[in-house]
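For the sequence shown, the residue numbers in the working numbering are 95 to 821. Just so you know, even glycine gets a beta-carbon here, dropped at the ideal spot from N, CA and C.
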Amino acid sequence: MTQADARACKAVVLAAGHDQATRDLLLRGLANSTVIEQCLANVTAVVPAKDVIIVVDEHDHSVRQLLGESWTYVTQTVQAGTGDAVRCARHELAGFVGDVLVSYGDTPMLRSSSLRGLKWKHELKQAQFSLLTAILPDAGDYGRVLRDQSGRVTEIVESTDLTSAAAGVHEVNVGAYIIDNELLIPKLDELAATGEHRLTELAEHLIGDGTVVASYAILDPDEVQGINTDAELSRAADIVLKRLFAPSHAVETGQIAFGTGGWRAKIGEGYTIHNVRRLCQAIANEVTRNGTEKMGVVIGGDRRFLSAESVQAAAEVFAGNNIAAKVLVEDVPTPLVTFAVPYVECAYGLIFTASHNPPQYNGLKVFRADGSLPLEDETNRYQVEANSFTQADVVALDYGLATTAGLVTEVDLTNAYVEAVEALLDVPAMRQSTTPLRVLIDPMYGTSQLTLGMILSDARVRAEFIHERHNPLFGGHSPAPSLEALSTLIEMVKSRGVFNLGMATDGDSDRIGIVDENGRYVSTNELLVLIYWYLHEVRGITGGVVRNLSTTHLLDRMAEHLGEKHLEVPVGFKHITAGMQQIDALMGGESSGGFTMRGWILGKDGIFACALVCEMLVKTGKPLSQLLDEVFAITGRLTQIETGVPATPAMRVEVPRRMTAAAPSEVAGVAVERIDTYDGIKIRLVDGSWVLLRFSGTEPVLRMVAEADTTERTQQLIDWVKGFAGA
95 MTQADARACK AVVLAAGHDQ ATRDLLLRGL ANSTVIEQCL ANVTAVVPAK DVIIVVDEHD
155 HSVRQLLGES WTYVTQTVQA GTGDAVRCAR HELAGFVGDV LVSYGDTPML RSSSLRGLKW
215 KHELKQAQFS LLTAILPDAG DYGRVLRDQS GRVTEIVEST DLTSAAAGVH EVNVGAYIID
275 NELLIPKLDE LAATGEHRLT ELAEHLIGDG TVVASYAILD PDEVQGINTD AELSRAADIV
335 LKRLFAPSHA VETGQIAFGT GGWRAKIGEG YTIHNVRRLC QAIANEVTRN GTEKMGVVIG
395 GDRRFLSAES VQAAAEVFAG NNIAAKVLVE DVPTPLVTFA VPYVECAYGL IFTASHNPPQ
455 YNGLKVFRAD GSLPLEDETN RYQVEANSFT QADVVALDYG LATTAGLVTE VDLTNAYVEA
515 VEALLDVPAM RQSTTPLRVL IDPMYGTSQL TLGMILSDAR VRAEFIHERH NPLFGGHSPA
575 PSLEALSTLI EMVKSRGVFN LGMATDGDSD RIGIVDENGR YVSTNELLVL IYWYLHEVRG
635 ITGGVVRNLS TTHLLDRMAE HLGEKHLEVP VGFKHITAGM QQIDALMGGE SSGGFTMRGW
695 ILGKDGIFAC ALVCEMLVKT GKPLSQLLDE VFAITGRLTQ IETGVPATPA MRVEVPRRMT
755 AAAPSEVAGV AVERIDTYDG IKIRLVDGSW VLLRFSGTEP VLRMVAEADT TERTQQLIDW
815 VKGFAGA
């Protein structure tokens with residue numbers, strides 16, 4: 095059976111309730127709507143809204159007032175049971191040839207996919223009556239569904255009538271049905287004449303009468319959560335949060351969702367060319383609304399699977415909307431696109447990349463005209479509009495035609511980017527060094543080799559690259575420049591003994607990793623403090639510093655020592671650059687490897703950071719390890735430990751709830767100064783140490799970070815936070 099062959103279907107949604115208290119619960123908030131609105135959203139994903147009939151209580155007008163008069167309403171004058179409620183729709187169903195979906199207004203957790211599964215099963219089995227069932231670990235007060243050896247439903251046994259055999263059954267009757275309209279009202283009338291007024295009784299009679307019966311079983315117990323009490327509403331709110339962050343969310347819906355670093359999803363699941371086109375159409379619409387079509391867009395991609403194809407698909411969509419697209423040739427680093435947007439005066443810049451995520455991911459970063467990342471209200475607009483589109487809503491023009499017409503042009507901005515980076519560096523001083531700097535660089539199979547190689551070559555730095563070839567699998571691991579991922583770089587610096595420095599960039603080249611001359615991994619926290627000192631004291635550039643809340647407080651100490659301002663912001667580099675503008679900061683950085691400075695792009699740049707570190711070693715004439723010792727003599731030392739565990743849906747609910755219910759007054763024996771919850775949960779202690787719990791915005795991970803004056807003390811904080819989170 096095809097969709098065109100499907101039978102006509104209407105729906106009856108029961109919203110009359112058995113008393114005012116239960117009716118009031120239908121109006122309570124749930125997710126971004128209300129209980130009744132969530133139920134209707136699920137039903138209308140299967141049955142058009144024009145074919146939905148809502149049963150309301152005769153004396154209650156609140157549901158009507160909430161939903162508006164665009165719906166079809168019928169009133170139940172006497173609370174005589176669920177079957178009687180459906181009978182109230184007899185006039186609206188009169189003469190209708192097709193099926194009727196009956197659902198409840200207080201079961202918002204039923205997924206639309208389950209209702210659709212029930213509808214398909216009903217039609218494919220050519221059934222006259224179908225019921226939705228669920229497999230529950232604890233069947234509770236639900237009626238049990240009994241089957242014969244062939245799997246045919248033979249009986250529904252109420253919880254009050256359970257036999258020992260039925261008591262061991264875990265399949266229950268959920269209470270949502272699809273019934274041939276030819277049977278529905280006549281059968282309900284027959285039952286009413288015998289004093290039976292419930293839909294369950296209708297189901298039992300139809301099964302016993304030999305009616306052709308089908309069923310669809312749901313396996314997620316959360317879907318069965320009804321809303322009849324405040325406690326049940328609270329549990330439903332928890333379920334909403336669990337679903338929001340469940341790994342299956344993108345698989346089921348295919349929805350586009352932005353995180354702190356753009357849109358990222360698994361290739362072939364959430365990340366598809368179809369979604370690329372939908373999202374680009376939404377951004378093209380934004381360009382049109384803003385009247386910036388003539389400015390156009392600049393588009394690039396990294397080395398991941400589908401990046402090149404995504405660049406072409408994006409260009410076709412913008413061209414189809416009469417918006418010029420400048421396509422960057424070959425694969426490019428993200429900082430080059432950030433630079434390119436204001437350089438070529440485009441309305442937006444797009445780069446297809448998933449940054450440091452594992453190789454099975456791809457995504458899109460969007461930059462505004464000034465090169466900054468859009469804030470949450472903007473990305474929300476993109477994703478809401480994109481998710482509303484079908485493929486038919488997308489306007490696209492063939493790449494070849496668009497190129498011939500001049501709407502798509504291929505450009506190479508590598509030289510322009512390199513020259514802009516070199517303008518910020520003291521290249522003459524680097525060239526004049528009597529002892530050339532020797533560095534080993536690991537681009538992690540990413541995109542930094544060409545640009546960084548050109549910059550260092552111009553500065554007469556002897557650079558040698560490893561892992562530089564194109565490999566979209568990134569050697570089998572995430573291209574993030576962490577201690578664990580840079581083992582080859584570390585070993586080569588140690589064993590060969592000729593390098594002044596080891597450097598790495600992540601997959602799209604906006605993050606940095608550093609190894610000193612002895613092969614010791616230098617954390618980004620250490621490096622940021624050193625760079626800030628260098629820019630201020632050696633370069634003579636004044637200004638404060640901005641960091642995110644998971645980055646070392648040593649930056650604050652250095653700023654105070656230098657008499658400058660410091661500012662803490664949420665995670666996400668867009669907050670770093672916004673904070674820099676707020677206090678006119680000299681630089682901003684984050685512990686995950688991001689860095690930029692005033693006068694450069696409004697985004698992080700691992701290529702510029704690598705080149706600046708080389709300049710610092712040349713101009714100071716000191717090895718990296720010695721410079722770090724001198725800086726820590728000013729600030730003292732702090733140790734930071736970061737760990738992470740897979741973020742289960744339950745953890746996303748339970749961790750904030752536990753903090754709200756039982757906020758600690760001390761952690762590992764030290765009193766709590768205050769607790770901040772503007773981005774995760776950050777507990778600040780009176781001795782200056784701190785601990786952070788935060789769910790990642792780019793990966794399904796709960797990150798736990800702690801900082802204190804000793805490794806032992808920091809580990810105590812990490813152990814405490816693991817216990818608190820149940821990790």
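Nearest-angstrom Cβ-Cβ length linking residue i and residue j, presumed shorter than 8 Å
i           : j           : result
residue 376 : residue 479 : 4 Å
residue 786 : residue 767 : With 8 Å as the limit, residue 786 and residue 767 do not qualify as a contact, their Cβ atoms being about 14 Å apart.
residue 45  : residue 222 : The chain is shown from 95 up to 821; residue 45 falls before or after that span and cannot be answered.
residue 203 : residue 330 : 6 Å
residue 396 : residue 446 : 7 Å
residue 687 : residue 607 : 6 Å
residue 147 : residue 168 : 6 Å
residue 256 : residue 238 : 7 Å
residue 291 : residue 178 : 5 Å
residue 352 : residue 159 : Rounded, the Cβ-Cβ distance is 34 Å, inconsistent with contact.
residue 680 : residue 638 : 6 Å
residue 549 : residue 609 : Their Cβ separation, rounded to whole angstroms, is 19 Å, which puts residue 549 and residue 609 out of contact at 8 Å.
Buried versus exposed call for residue i [16 or more other C-beta atoms within 10 Å across all chains shown]
i           : result
residue 346 : Note on residue 346: pLDDT 48, under 50, position unreliable in the model; the coordinate value appears next. Exposed, since its Cβ has fewer than 16 Cβ neighbours within 10 Å.
residue 810 : buried
residue 144 : exposed
residue 622 : buried
residue 815 : buried
residue 117 : buried
residue 213 : buried
residue 243 : exposed
residue 482 : exposed
residue 474 : exposed
residue 529 : exposed
residue 615 : buried
residue 772 : exposed
residue 567 : exposed
residue 630 : buried
residue 126 : exposed
residue 740 : exposed
residue 499 : exposed
Reference residue i; option with closest CA among the options
i           : options               : result
residue 515 : 705, 175 and 814      : 705
residue 534 : 190, 611, 645 and 179 : 611
residue 525 : 536, 500 and 551      : 551
residue 368 : 485, 190, 508 and 186 : 485
residue 605 : 703, 128, 196 and 255 : 703
residue 274 : 254, 306, 283 and 286 : 306
residue 678 : 613, 735 and 658      : 658
residue 348 : 660, 360, 355 and 356 : 360
residue 647 : 805, 784 and 557      : 784
residue 433 : 527, 628 and 465      : 465
residue 760 : 562, 782, 727 and 303 : 782
residue 383 : 372, 441 and 254      : 441
Chain-order list of residues whose beta-carbon lies under 7 Å from that of residue i (same chain, five-residue window excluded)
i           : result
residue 241 : 247 and 248
residue 343 : In this prediction, residue 343 scores a pLDDT of 48, lower than 50, which makes its location untrustworthy; the coordinate-derived value is nonetheless stated afterwards. Counting only Cβ-Cβ distances below 7 Å, and skipping sequence neighbours, we find 337.
residue 620 : 722
residue 229 : 264, 265, 311 and 313
residue 413 : 419, 491, 496, 501 and 502
residue 757 : 769
residue 667 : 467, 684, 688, 697 and 698
Residues near residue i by beta carbon distance below 8 Å, same chain, minus five either side
i           : result
residue 140 : 103, 105, 195, 206, 209, 210 and 213
residue 122 : 128, 129, 321 and 327
Other residues of its chain near residue i: CB distance less than 6 Å, five sequence neighbours each side excluded
i           : result
residue 431 : 394, 443 and 445
residue 559 : 535 and 543
residue 197 : 107, 137 and 270
residue 797 : 738, 788 and 790
residue 613 : 584, 587 and 588
Residue i Cβ short of 7 Å to the ligand SAH heavy atom set
i           : result
residue 206 : Among the ligands in the structure shown, none appear at all, so the ligand SAH cannot be discussed.
Complete alpha helix (DSSP H) runs within the region 121–173 (minimum length 4 residues, chain order): 129–138 and 156–161
Contiguous alpha helix (DSSP H) assignments of at least 4 residues, all confined to the region 294–342: 324–339
Segments of 4+ residues assigned as alpha helix (DSSP H) that fall wholly inside the region 464–530: 470–481, 493–498, 508–518 and 521–525
Start-end ranges of the alpha helix (DSSP H) lying completely within the region 374–433, minimum 4 residues: 401–414
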